[in-house]
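Data block below; observations after.
In our numbering, the protein residues as written are 342 to 456.
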């Protein structure tokens, strides 16, 4: 399902740019200063996100090239892509936990945990 891989690569590529436009929680509240946001992102998830997204685009472009690579090379890419997806799941789990910690409503928490 190449279209699904393309959609995922596009989503995570956009996510990198969106993160640079969000705020950062500090002891004084939310800091919306772009420089502070960039520094916080570069000190945390950027060095995981960027190589993953770059690798995913490379795999898509090599695969789009008509499969000119040997079978062993393609198999190696597939194995590496599995590990990339595991890293993404770990990030999503961390993000979900952070969201759940910020929710103040018991009703909303119960609804999210049931789904």
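The beta-carbon is built from N, C-alpha and C at its ideal position, and this holds for glycine as well. Bear in mind the structure is a predicted one, so any value in this text is a computation, not a measurement.
Would residue i and residue j be called neighbours here (beta carbons separated by less than 8 Å)?
| i | j | result |
| --- | --- | --- |
| residue 350 | residue 397 | yes |
| residue 378 | residue 353 | no |
| residue 359 | residue 382 | no |
Tell me where the beta strand (DSSP E) around residue i begins and ends.
| i | result |
| --- | --- |
| residue 444 | Run containing residue 444: none; DSSP gives neither H nor E here. |
Per DSSP, what are the beta-bridge partners of residue i in this structure?
| i | result |
| --- | --- |
| residue 366 | 371 |
With DSSP run on the structure shown, which of helix, strand or coil describes residue i?
| i | result |
| --- | --- |
| residue 377 | helix |
| residue 386 | coil |
Terminal residues of the continuous alpha helix (DSSP H) containing residue i?
| i | result |
| --- | --- |
| residue 361 | Looking at the DSSP string, residue 361 is not in any alpha helix (DSSP H), and its letter there is neither H nor E. |
In chain order, what residues of the same chain have a beta carbon less than 6 Å from the beta carbon of residue i, not counting five sequence neighbours either side?
| i | result |
| --- | --- |
| residue 390 | 357 |
| residue 366 | none |
| residue 371 | 364 |
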